[in-house]
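K.L.:
Each number in the working numbering comes from the position in the sequence shown (counting from 1) with 1170 added on.
Just so you know, even glycine gets a beta-carbon here, dropped at the ideal spot from N, CA and C.
Just dropping this structure here.
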Amino acid sequence: MRTAIPIAIAVVERDQHVLVGRRSPDQSLGGYWEFPGGKVAPNETPEDAAIRECREETSLTIEVTHLLDRYQYDYEHATVDLHFFAGQLVFAAQLDPNSQPAPPFRWVPRRDLKHYAFPPANTAVLGQLLKPE
């Protein structure tokens, strides 16, 4: 049995839009769409990792509001322990209408997420996001 790699993921929403980016073709799971996130560093909480990864990948600063879901997923190449956090832009970024993420990330309408190919491990959280409110 493999040791699960802890991964923190930020699901950031603004005005019914969700922050997503497309993985580079040369990356693992290349070509899939993703939420900002990555490996949790030693001595780092998953919440702090979600905030750090979002800032590193998108240049946007967020705060975590709550845990959306947590589960393990087995890929052929690794087992991951996924922590999906709901996040929102910090106040200063909310006030700036020009606050845009760094490429390849962008805001997409929440209802359109079903048209984007995400890694299989994201299926459960996508189902939650696409439920009618």
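#1: Can you list, in chain order, the residues of its chain whose CB lies under 8 Å from that of residue 1165, leaving out five sequence neighbours each side?
#2: Just to confirm the assignment: which complete beta strand (DSSP E) runs, minimum length 3, are found wholly within the stretch 1174-1243?
#3: Would you kindly work out how many angstroms separate the C-alpha atoms of residue 1259 and residue 1292, rounded to a whole number?
#4: Just to confirm the assignment, what range does the beta strand (DSSP E) spanning residue 1256 have?
#5: Classify residue 1226 as buried or exposed, calling it buried when 16 or more other Cβ atoms lie within 10 Å of its own Cβ.
#6: Looking only at C-alpha atoms, which of 1289, 1286 and 1234 sits nearest to residue 1257?
P.N.:
So, to answer that:
#1: Outside the shown range of the chain (1171 to 1303) lies residue 1165, about which nothing can therefore be said.
#2: Counting only runs that start and end inside the stretch 1174-1243, the beta strand (DSSP E) elements of at least 3 residues fall at 1175-1184, 1187-1192 and 1207-1209.
#3: The count along the sequence shown starts at 1 and reaches residue 1259 at position 89. The count along the sequence shown starts at 1 and reaches residue 1292 at position 122. Going from the Cα of residue 1259 to the Cα of residue 1292 covers about 22 Å.
#4: On the sequence shown, residue 1256 is found 86 positions in, with the first residue counted as 1. Note, residue 1256: beta strand (DSSP E), 1249-1259.
#5: Here residue 1226 refers to the residue found at position 56 when the sequence shown is read from its first residue. Result: exposed.
#6: Taking the first residue of the sequence shown as 1, we reach residue 1257 at position 87. Nearest of 1289, 1286 and 1234 to residue 1257, Cα basis: 1234.
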